[in-house]
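K.L.:
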Amino acid sequence: MNYELFIAKRIIAAKKYKSSISSPIIKIAIIAIALGMIIMMIAIATGIGLQQKIREKLAGFNGHVQITNFDNNNSEITLIPVSKKQDFYPTFQTVSNIKNVQVFATKAGIIRTATDFEGIILKGVANEYDWSFFEEYLVEGKLPNYDSEVSNDVLISKVISDRMALKLGDEFNILFVKNDPTKAPWIRVVKIVGIYNSGFQEFDESFVIGDIRHIQKMNRWNDDEVGGFEVLITDFDEIIPKSHEIYMQTGSTLNSESIVEKYPAIFEWISLFDNNVYLIIVIMILVAGINMITALLVLILERTQMIGILKALGGSNVSIRKVFLYNAAYLIVKGLFWGNLIGLSILFIQKYFGVITLNPETYYVSEAPIYLNFGYIILLNFGTLILCLLMLIIPTIIISKISPVKAIKFE
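For any residue, its number in the working numbering is found by taking its place in the sequence shown, counting from 1, and adding 526.
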């Protein structure tokens, strides 16, 4: 029988324990652990969630890796066509973990209505385009279908829809300037079949998704010529090595660029979230540990006579220290229980109801995204428990300094 655990249980269950001098200090320690756990869970869930959402949105508009002609000069507008007759299209045979390879082309235009106009970028896509991103953020209508003949159906953002007072089913003109400015611009009459709202202001206010064949015709490209290719990979964590592999497998006239390389400032910014999360975890564990050390020292002081009696009965210092460590472990677990209960409740409420909103111009999302993974929650709980117990080993050394004779007389 584990008599140290037995004694610890008796101490915890005693009514005197619950009304003792140490009771408020113990409650404060439990609250500190619970609050620490809540803050750490929120920090990790929102930090990782925000990183993932921003990555998803950048990939949704650009793919994970773009393959274009070197002569495009890093412009958002595709100027020089690329032949579709490539070894990697429509399937990358030499690079693993590729989800999809899809063609695209972009062209600057102006939306014109009876009362207003707006500059936009028409992004042309084909029938093999992966619509899963826009399907998630579709707020009205349906996704366009470009399988058969040339289609005038387009997908626009809610930002453009509100600015131009356009609604689902409306037709409007898009003007495209020709290379010779003295000639009249091309005019395309398109119909809105869907409206999306990604919350990424930079793209929402610019991109209209349409049929790539319109751009091919205006640019006088052949049917097998496109602006470039977007490559989607299955695991974002592999984007850098996969980007290098793709670059090595493409021709000498083609350039491949990952979204990490295309938008370095954004990825440097979201990488700082990791440092913030680590800092919060360290501070919260230290605060919880310091509170537990205080509570444990008060417990030891309060139980000095008991320590003296146990020593007089032959109890070793190690055994008595275990009694108090078991006691402390119970308090830590109690704090973790309430921390998990309250923390998970807050996270689920935010995940499904979006109570906390953010400015999309600053954070690229309209509400705080939540990433829930029970793996990191379990790791966080065990890590907090172990680290706090390790911090409590040192203050229990004071038990070995207590004299049985003096302790029994202690009041």
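All C-beta atoms in this analysis are idealised placements derived from N, C-alpha and C, irrespective of residue type, glycine included. This one's a predicted model, so the numbers in the text were calculated from it and none came from an experiment.
1) Measure the C-alpha to C-alpha separation of T883 and I923 and round it to an integer number of angstroms.
2) When DSSP builds the beta bridges, which residues end up paired with I735?
3) In this structure, how does DSSP classify F908 when only helix, strand and coil are distinguished?
4) Alpha helix (DSSP H) containing T657: first to last residue?
5) Can you tell me the Cβ-Cβ gap for A571 and L805, rounded? I've got them flagged as a contact below 8 Å.
6) DSSP state of L916, grouped into three classes?
7) Taking the Cβ atom as the reference point for each residue, do I593 and L780 lie within a distance shorter than 7 Å?
8) Looking at the structure shown, is E666 part of a helix, part of a strand, or coil, going by DSSP?
9) Taking the beta strand (DSSP E) that S784 falls in, what are its first and last residues?
10) As a quick exercise: from V849, L605, D642, pick the residue whose alpha carbon is nearest that of D688.
11) Would S769 be called buried (16 or more neighbouring beta carbons within 10 Å of its own) or exposed?
12) Take T620 and list the residues in its own chain whose beta-carbon comes closer than 7 Å to its own, dropping the five residues that flank it on each side.
13) Could you say if the segment 577 to 587 and the segment 791 to 802 meet the contact criterion of at least three C-beta pairs nearer than 8 Å?
14) Between the segment 888 to 901 and the segment 562 to 578, are three or more C-beta pairs nearer than 8 Å?
15) Determine the direct distance from the alpha carbon of L692 to that of N745, and round the result to whole angstroms.
16) Checking 7 Å against the spacing of the C-beta atoms, do E756 and Q578 come in under that value?
17) Which complete beta strand (DSSP E) runs does the segment 704 to 758 hold, if anything under 3 residues is left out?
18) Using a Cβ-Cβ cut-off of 7 Å (strictly less than) and excluding sequence neighbours within five positions of F893, which residues of its own chain qualify?
19) Using alpha carbons as the reference points, say which of V665, N853, N802 lies closest to I919.
20) With contact counted as at least three CB pairs below 8 Å, one residue from each stretch, are the segment 604 to 611 and the segment 658 to 676 in contact?
21) Can you check which of these residues, A631, I816, F618, A555, is closest to Y773 by C-alpha distance?
22) Closest to I826 by CA distance: which of I807, A838, D613, I846 is it?
23) Which runs of the alpha helix (DSSP H) at least 4 residues long sit entirely within the segment 758 to 843? Give them in chain order.
24) Find the nearest neighbour of F938 within the set P550, V719, I636, judged by alpha-carbon distance.
25) Just how far apart, CA to CA, sit D597 and G753?
26) Have a look at P711, E644, N588, I636 and flag the residue whose alpha-carbon is nearest the alpha-carbon of E787.
27) Taking K625 as the reference, which of K717, D656, Y902 has the closest Cα?
28) Nearest to F863 by CA position, among I564, I533, A539, is which residue?
29) Considering only residues of the same chain and omitting the five flanking positions on each side of I533, which have a CB-CB separation below 7 Å?
30) Please return the same chain residues whose Cβ sits closer than 8 Å to the Cβ of T632, not counting the five positions on each side in sequence.
31) Which first and last residues belong to the alpha helix (DSSP H) in which N885 is found?
32) Quick one: is Q876 buried, meaning 16 or more other Cβ sit within 10 Å of its Cβ, or exposed?
33) Please work out which residues of its chain come closer than 6 Å, Cβ to Cβ, to Y615, disregarding the five sequence neighbours upstream and downstream, and give them in chain order.
34) Where do the ends of the beta strand (DSSP E) carrying N595 lie?
35) Please work out which residues of its chain come closer than 7 Å, Cβ to Cβ, to L664, disregarding the five sequence neighbours upstream and downstream, and give them in chain order.
36) Distance cutoff 7 Å, beta carbons only. Does E783 sit that close to anything in chain D?
P.N.:
The relevant details are as follows:
1) So the two alpha carbons sit approximately 49 Å from each other.
2) I735 pairs with K649, L681.
3) Helix at F908.
4) Reading off the sequence shown, one finds Trp at residue 657, where the question assumed Thr. Element bounds for W657: n/a, residue is neither H nor E.
5) With a Cβ gap of about 16 Å, A571 and L805 do not count as contacting.
6) Three-state result, L916: helix.
7) With respect to L780, I593 sits close: the two C-beta atoms are nearer than 7 Å.
8) Residue state, collapsed to three classes: strand.
9) From DSSP, the beta strand (DSSP E) with S784 extends over 780 to 784.
10) Of the candidates V849, L605, D642, the one whose C-alpha sits nearest the C-alpha of D688 is D642.
11) Answer is buried; the Cβ neighbour count reaches 16.
12) Excluding residues up to 5 positions away in sequence, Q775 lie with their Cβ nearer than 7 Å to the Cβ of T620 in the same chain.
13) Taking 8 Å as the limit for Cβ pairs, the verdict is that the segment 791 to 802 does touch the segment 577 to 587.
14) Contact annotation: the segment 888 to 901 touches the segment 562 to 578, with at least three C-beta pairs closer than 8 Å.
15) Rounded to whole angstroms, the gap between the alpha carbons of N745 and L692 is 27 Å.
16) Not a contact, by the Cβ cut-off of 7 Å.
17) Correct list: 712 to 722, 733 to 737.
18) Reading the sequence as shown, one finds Glu at residue 893 and not Phe. Excluding five sequence positions before and after E893, the CB atoms of its chain that fall closer than 7 Å to its own CB belong to G880, I882, T883, L884, given in chain order.
19) The closest CA to that of I919, considering only V665, N853, N802, is found on N853.
20) In short, these stretches do not touch, since the Cβ pair count stays below three.
21) It is F618 whose Cα lies nearest to the Cα of Y773.
22) Distance check between I826 and each of I807, A838, D613, I846 places I846 closest, using alpha-carbon atoms only.
23) Counting only runs of 4 or more, we get 765 to 775, 785 to 788, 790 to 828, 830 to 838.
24) Because the chain is modelled from 527 through 937, residue 938 falls outside the range shown and cannot be assessed.
25) Roughly 11 Å between the two C-alpha positions.
26) For the residues P711, E644, N588, I636, the minimum Cα distance to E787 belongs to N588.
27) The shortest CA-to-CA distance from K625 to any of K717, D656, Y902 is the one to D656.
28) Among I564, I533, A539, the Cα nearest to that of F863 belongs to I564.
29) Contacts found: V849.
30) Answer for T632: E602, I603, T604, I647, L648, K649, G650, I741, G753, listed in chain order.
31) It is not in any alpha helix (DSSP H) - N885 carries neither H nor E in the DSSP assignment.
32) Burial call: buried.
33) Excluding sequence neighbours, Y615 sits near V627.
34) For N595, the uninterrupted beta strand (DSSP E) segment begins and ends at 591 to 595.
35) G720, Y722.
36) The chain labelled as chain D is not found in the depicted structure, where only one protein chain is given.
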